[in-house]
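Peer 1:
In the numbering used here, the protein residues as written are 658 to 793.
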């Protein structure tokens, strides 16, 4: 029988190793906040209402508004109000936003590829199967 307490401890300790901390930080940055907003926009034909982004992220509209303000300042998205309802703000990703998202995704992909080289193809497939099973 598996010692679940030991398994949990070993699993958590795996993420405290020096090499894994950089990967975790990179993935965390990529999949939350401003980069996640860009990703959500790309997955939704490049535009969504601010409220829809907040709902998708599970955060307040105020938090999304602050993040969008920063993205607008960098030129990654633009805001526009609809003629039907001036209170609704439509967020559209710009080409610069698509470019920065692509750069970041490529950076994450390259780091993961380098780390995946440390294991065999069979080990990698097993890892992906187990991860999918555990986190789906």
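The beta carbon of each residue, even a glycine, is placed where N, CA and C say it ideally should be.
What distance in whole Å lies between the Cβ atoms of residue 723 and residue 694, which are believed to be in contact at a cut-off of 8 angstroms?
Peer 2: The Cβ separation is near 11 angstroms, so there is no contact.
Peer 1: Roughly how far, in whole angstroms, is the beta-carbon of residue 734 from the beta-carbon of residue 754, given that I think they are within contact range, below 8 angstroms?
Peer 2: Right, their Cβ atoms sit about 5 angstroms apart.
Peer 1: How would you label residue 705, buried or exposed, when you count the other beta carbons within 10 angstroms and need 16 or more for buried?
Peer 2: Buried.
Peer 1: Mind listing, in chain order, the continuous alpha helix (DSSP H) runs of no fewer than 4 residues lying wholly within the region 693 to 778?
Peer 2: Whole alpha helix (DSSP H) segments, 4+ residues: 707 to 714, 718 to 731 and 752 to 773.
Peer 1: Express the C-alpha separation of residue 775 and residue 665 in angstroms, rounding to a whole number.
Peer 2: Their Cα atoms are separated by approximately 23 angstroms.
Peer 1: Under 8 angstroms by Cβ, that's how I've got residue 738 and residue 729 pegged, so tell me the actual separation to the nearest angstrom.
Peer 2: Actually they are not in contact, since the Cβ atoms of residue 738 and residue 729 sit about 13 angstroms apart, beyond 8 angstroms.
Peer 1: Which of the three DSSP states is assigned to residue 659 in this structure?
Peer 2: DSSP places residue 659 in coil when its eight states are reduced to three.
Peer 1: Alpha carbon to alpha carbon, how far is residue 789 from residue 710?
Peer 2: In a straight line, the C-alpha of residue 789 is about 26 angstroms away from that of residue 710.
Peer 1: I'd like the list of long-range same chain contacts for residue 781, defined as Cβ closer than 7 angstroms, with 5 residues on each side in sequence excluded.
Peer 2: For residue 781, where only same-chain residues beyond five positions count, the Cβ hits under 7 angstroms are 773.
Peer 1: Taking C-beta to C-beta, are residue 750 and residue 698 nearer than 8 angstroms?
Peer 2: Their beta carbons are under 8 angstroms apart, which means residue 750 touches residue 698 by this criterion.
Peer 1: Confirm, please, whether the CB-CB distance from residue 758 to residue 696 is below 8 angstroms.
Peer 2: Yes, the pair counts as a contact, with Cβ atoms nearer than the cut-off.
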